[in-house]
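Structure first, commentary second.
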Amino acid sequence: MVEPEYESLEKLESYPRPPYSVCAGEVPVLVHYTGLNSVFGIVDKKKLWASHISYMNDPNDGYELYNFVLYHIRRRLLLSRFSEKISVIDFIFSTDNFIRVEEFSDLNRLLSDIDHEEFLFDLYVSMLSHRQMRNYFSNKDLSFYIFSFSKFKEDISIDPWRSYAKDAKGFRLEFDFDKLKKSILSSFLINDEKDFVNFYECEYWPFSKFADGANEIIDGFLNIFNVEKFRVDKLNIYYRLMVAVENLSLIIKSNSYESECEVRLLIRRKGKKDVCYRPGESLIIPYVECDFGIEALRRVVCGPRTPSRANYSIINFLSSCSGGHVDVRRSPVSYVGPY
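For the sequence shown, position 190 (counting from the first letter as 1) is numbered 190 according to UniProt numbering, and the numbering increases by one without interruption.
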């Protein structure tokens, strides 16, 4: 029995989860831990910086499911007549050279003239090349940017301070979700065209579910191949399949990170128009700016290792940036360790 989302390409494209909404019993607040420089930029400019997906702290972030699909397509192809070509592709990929789809696939052939194995091979090469282009920010058609929040939890744990706030020398920003969403979404309305931009809650999967989910997606691809095979626009179908999997991958993470309770602001933008750049530790990171209303910022919490005067410096700064309404306090969490 075919799952409903794989009955057609259109259904697969509409399958990714609905945008985040606050559930009953949840506090309608999103939290972001960061350092002082980011606090200054966010408040002073009234902007959030959403980084390109390939430049996240974890290079596999947003691609775990996508990579599992690649892996399991490859496993199937190693048992097919394309096994030798897969070995060649493996070598090219291992030497960090670009995979050129046209060197391995006859892109001029109609979808109706190929079988299941050739379809999977073409799709595998296309997905691998697509992944490489994302890594190097070379795809001019479509790019994804992310700004990460956490769902509200009381400030009682040192773990997020250590992990995301400069080892507790940073700050915790708390945003009213409804005000934040309203101000950000409206800021992307330009010339009556809105980029793909919204908030999505991450799902956390165990290893076994990634494997099962990948094989379910591949079986779904094969069903869609049977449905779509008499259409002539083969490349368009490959591209749409890749993007559908990528959209789903962006909100699915390993259950090792489940404690983060992450909500992502996802932005899908065509080309490099309005893309900015900032220095990271060892890379220049592309990002896009997201305007928000300062009224969405409700609280700034100073980390356990910030100086005792940090509260007053933040209050003075906020008052100069139309942020006099923002509550400023010090974290009650104790820090145990060398200062």
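Note that CB positions come from ideal geometry on N, CA and C, so glycine has one too.
Option in PRO304, TYR312, ASP291 with minimal Cα separation from VAL43: Taking only the C-alpha atoms, the option nearest VAL43 is ASP291.
Which listed residue (GLU103, LEU9, GLU5) has its alpha carbon closest to that of LYS229: Nearest of GLU103, LEU9, GLU5 to LYS229, Cα basis: LEU9.
Rounded C-alpha distance that separates VAL227 from TYR6: About 10 Å.
Endpoints, the beta strand (DSSP E) within which TYR145 is located: For TYR145, the uninterrupted beta strand (DSSP E) segment begins and ends at 143-151.
Same chain only: Cβ atoms within 6 Å of ILE158, ignoring 5 sequence neighbours per side: The residues are VAL333.
Cβ contact (3+ pairs, closer than 8 Å) linking the segment 211-227 and the segment 259-273: Judged by pairs of C-beta atoms under 8 Å, the segment 211-227 does not touch the segment 259-273, as fewer than three such pairs exist.
Cβ-based neighbour list, ARG74, same chain, cut-off 8 Å, excluding 5 preceding and 5 following: Closer than 8 Å at Cβ, skipping near neighbours: ILE86, TYR124.
Residues that ALA50 bridges to, as DSSP identifies them: Beta-bridge pairing links ALA50 to VAL288.
Three-state secondary structure (DSSP) of ARG309: When secondary structure is reduced to three states using DSSP, ARG309 falls in the coil class, being assigned neither helix nor strand.
Run of the alpha helix (DSSP H) containing ARG240, from where it starts to where it stops: In this chain, the alpha helix (DSSP H) harbouring ARG240 covers 234-249.
Cβ neighbour criterion (16 or more within 10 Å) applied to GLY170: The residue in question, GLY170, is buried, as its Cβ has 16 or more Cβ neighbours within 10 Å.
Nearest-angstrom beta carbon gap, LEU265 and SER24 [assumed within contact, 8 Å]: Looking at the sequence provided, one finds Ala at residue 24 rather than Ser. Rounded, the Cβ-Cβ distance is 23 Å, inconsistent with contact.
Straight-line gap, VAL27 to ILE184 (C-alpha atoms, nearest Å): Rounded to whole angstroms, VAL27 to ILE184 spans 20 Å at the Cα level.
Integer-rounded CB distance, given that SER331 should sit under 8 Å from ARG162: Not confirmed; about 12 Å, so no contact.
Contact under 8 Å by Cβ, LEU267 with VAL245: Note on residue identity: the sequence assigns Ile, not Leu, to residue 267. A distance of 8 Å or more separates the beta carbons of ILE267 and VAL245.
Exposure of ASP61, with buried meaning 16 or more beta-carbon neighbours within 10 Å: Per the 10 Å Cβ criterion, buried.
Continuous beta strand (DSSP E) stretch holding HIS32: start and end: From DSSP, the beta strand (DSSP E) with HIS32 extends over 29-34.
Buried versus exposed, by CB contacts within 10 Å (16 or more), ASP155: It counts as buried.
Classification of PRO18 by the beta-carbon crowding that lies within 10 angstroms, buried from 16 upward: Exposed: under 16 other Cβ atoms inside 10 Å.
CA nearest to the CA of MET242, picked from VAL22, VAL29, PHE91, ARG131: Nearest option by C-alpha distance: ARG131.
Residue nearest to SER83 in terms of C-alpha spacing, selected from GLU117, TYR238, HIS52: Of GLU117, TYR238, HIS52, the residue nearest in Cα terms is GLU117.
Residues of its chain near GLU64, where Cβ-Cβ distance is below 7 Å and the 5 sequence neighbours each way are ignored: PHE210, SER249, ILE252, LYS253, SER254.
Buried versus exposed, by CB contacts within 10 Å (16 or more), PHE199: Buried: at least 16 other Cβ atoms inside 10 Å.
Cβ contact (3+ pairs, closer than 8 Å) linking the segment 316-328 and the segment 294-308: The segment 316-328 is in contact with the segment 294-308.
Outcome for CYS202 when other beta-carbon atoms lying within 10 angstroms are tallied against a minimum of 16: Label assigned to CYS202: buried.
Element boundaries [alpha helix (DSSP H), containing VAL171]: Looking at the sequence itself, residue 171 is Phe, so the reference to Val does not match. If you look at PHE171, you'll find it isn't in any alpha helix (DSSP H); it sits in the beta strand (DSSP E) that goes 171-176.
Assigned exposure category for TYR71 - 16 Cβ within 10 Å defines buried: Only exposed fits TYR71, as fewer than 16 other CB atoms lie within 10 angstroms of its CB.
Three-state class that DSSP yields for LEU222 in the structure shown: Judged by DSSP in its simplified three-state form, LEU222 adopts helix.
Simplified DSSP state of ASP192, which is helix, strand or coil: With a pLDDT of 45 at ASP192, under the threshold of 50, the predicted position of this residue should be treated as unreliable, though the coordinate-derived value follows. Assigned with DSSP and collapsed to three states, ASP192 falls in coil, not helix or strand.
DSSP state of ASN255 mapped onto helix, strand, coil: Helix.
Separation of ASP115 from ARG100, as counted between CA atoms: Whole-angstrom Cα-Cα distance: 21 Å.
Beta-ladder partner(s) of PHE104, from DSSP: None, per the DSSP bridge assignment.
Simplified DSSP state of ILE315, which is helix, strand or coil: Note: ILE315 maps to helix in three-state DSSP.
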